[in-house]
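Right, one structure below, let's go through it.
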Amino acid sequence: MAWTPFIKKPYEKSFSSDSNRARMVFINDNIKAPNMMIIDDEKNNLWTLPRRRALEIAEEKWLDLVQITYDPVKMLSTVRLTDYWRYMYQKWKDEKEQKKKQKPREMKELKLNYWIWENDLLLKIKKAEEFLKDGNNVKIFIKLKWRENIYAQKAIEKLMKTKETLSQFGKSQYETPKKEMNWYSVILFSK
């Protein structure tokens, strides 16, 4: 006689991508491993039992078996003996807390000209310095139009000067500015 859950509990099931597949949670009868290592909510190892006996114990205690990991070599699944809804709520809270702690790095852009005056260049460098101190990455570029391409060497020199000035706050991936279509750019990553 197969054990059926007391309340029909949906589990996340998605076939669209690997990221969604990683979020799938198997519970009770959906766990197909022949042997199960059971742990409790405090992460203490309780028993290693065959699948049928583990399901019987969960039914007796009115709790669920939630699969944490599966080892295909040993044919052993690590499961937690807990209430499914409490487990999912705690998992959701932990993920939310992790997202809160992560600060996304933004890519800030500064546009220069090959003929920029020294004062203006210093202001742009100061602004880039602030961005780098805040933990953001900075892309500094000079766009050349039509006949301005003959001044490409001046543009490269301005970018190199800017890169050297900001070297204590950020590091660049390349030694020289990168040429893209009709502009030159330097990307500085905050330290």
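The sequence shown begins at 758 in this note's numbering and counts up one residue at a time.
Backbone N, C-alpha and C fix where the C-beta goes; we use that ideal spot for every residue, glycine too.
Values in this document were obtained by computation on a predicted structure and should not be read as measured data.
Assumed close pair N785, A815 - CB separation to whole angstroms, cut-off 8 Å
7 Å
Check this for me: beta carbons of I949 and E866, under 9 Å apart or not?
Nothing in the structure corresponds to residue 949, since the chain is present only between 758 and 948.
Residue burial classification, R837 (beta-carbon count within 10 angstroms, cutoff 16):
buried
What's the gap between the Cα of K890 and the Cα of S947?
7 Å
On the DSSP bridge list, what partners appear for N785?
Note: N785 sits in no beta bridge, so no partner.
Cβ-based burial, S929 [other Cβ within 10 Å; buried from 16]
buried
Among Q859, L880, L822 and P861, which one has its Cα closest to the Cα of Y841?
L822
Give the DSSP-derived three-state secondary structure of R837 in the structure shown.
strand
Going by other Cβ atoms of all chains shown within 10 Å of its Cβ, with 16 needed for buried, is G927 buried or exposed?
buried
In the DSSP assignment, find the unbroken alpha helix (DSSP H) run with N876 in it and report its ends.
E875 to K890
Are there 16 or more other CB atoms within 10 angstroms of the CB of Q824, so buried, or fewer, so exposed?
buried
Whole-number beta carbon distance between L945 and N870, since they are thought to touch under 8 Å:
The Cβ separation is near 19 Å, so there is no contact.
Which whole-angstrom value describes the C-beta separation of Y941 and I899, a residue pair presumed to lie in contact below a C-beta threshold of 8 Å?
5 Å
If distances are taken between C-alpha atoms only, which option among Q925, I873 and N792 comes closest to E886?
Q925
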